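Each residue of the sequence shown is one higher than the last, beginning at 3 in the working numbering.
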Amino acid sequence: QVQLVESGGGLVQPGGSLRLSCAASGSIFKGNVMGWYRQAPGKQRELVATRTSGGSTNYADSVKGRFTISRDNAKNTVALQMNSLKPEDTAVYFCNLGQSGIDFWGKGTLVTVSS
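Structure, rendered in structure tokens:
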């Protein structure tokens, strides 16, 4: 079993920045993928960014050039630096770890972009 705990959400003005962090604990295997997904009110959960333990990244088109995902394999942490935030980035952001065909999820952290 894997536990994921997110932190760093909050209220920010359009154009501002936030950094989300996630710490994983439990039975973590090598070769996993860690990432961030988000779910806005009334919408389905969508991929934001992922990063493999080898360093390969994948970003949603809507966040390319604004968000950066990073991870520390030794500490089993993943972070999401979000710059130039827009109101449409408002959502609950979920940390994800995938390994051996199983997805683990954090409880989510709310990001609100509003003036």
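Note that CB positions come from ideal geometry on N, CA and C, so glycine has one too.
In this text, all values refer to a predicted model and were calculated from it rather than measured experimentally.
Neighbourhood of residue i by C-beta, 7 Å cutoff - its chain only, sequence neighbours within 5 removed
i, result
"Val65", "Val50 and Ala51"
"Pro89", "Pro16, Val115 and Ser116"
Residue i in three-state terms, based on DSSP
i, result
"Ser64", "helix"
"Val12", "Here the sequence assigns Gly to residue 12, which means Val is not the residue at that position. Correct three-state label for Gly12: strand."
Rounded Cβ spacing between residue i and residue j (contact assumed at less than 8 Å)
i, j, result
"Arg21", "Ala93", "16 Å between Cβ atoms; not a contact."
"Gly37", "Asn78", "With 8 Å as the limit, Gly37 and Asn78 do not qualify as a contact, their Cβ atoms being about 13 Å apart."
"Leu112", "Pro16", "About 16 Å separates the two Cβ atoms, so there is no contact after all."
"Thr59", "Arg68", "Not quite, the Cβ-Cβ distance comes to about 14 Å (not below 8 Å), so this is no contact."
"Ala26", "Leu6", "5 Å"
Which residues DSSP lists as bridging residue i, in chain order
i, result
"Ser27", "Gln5"
6 Å CB neighbourhood of residue i in its chain, flanking five on each side removed
i, result
"Asn75", "Ser55"
"Asp91", "Val115"
Same chain, Cβ closer than 8 Å to residue i, neighbours up to 5 away in sequence not counted
i, result
"Ile30", "Val4, Asn78, Leu99 and Gln101"
"Glu8", "Leu22, Ser23, Cys24, Tyr95, Phe96, Cys97, Gly108, Lys109, Gly110 and Thr111"
Exercise. Where are the beta strand (DSSP E) runs, 3 residues long or more, that stay fully inside the region 32–109, in chain order?
Worked result: 35–41, 48–54, 59–61, 69–74, 79–84, 93–101 and 104–107
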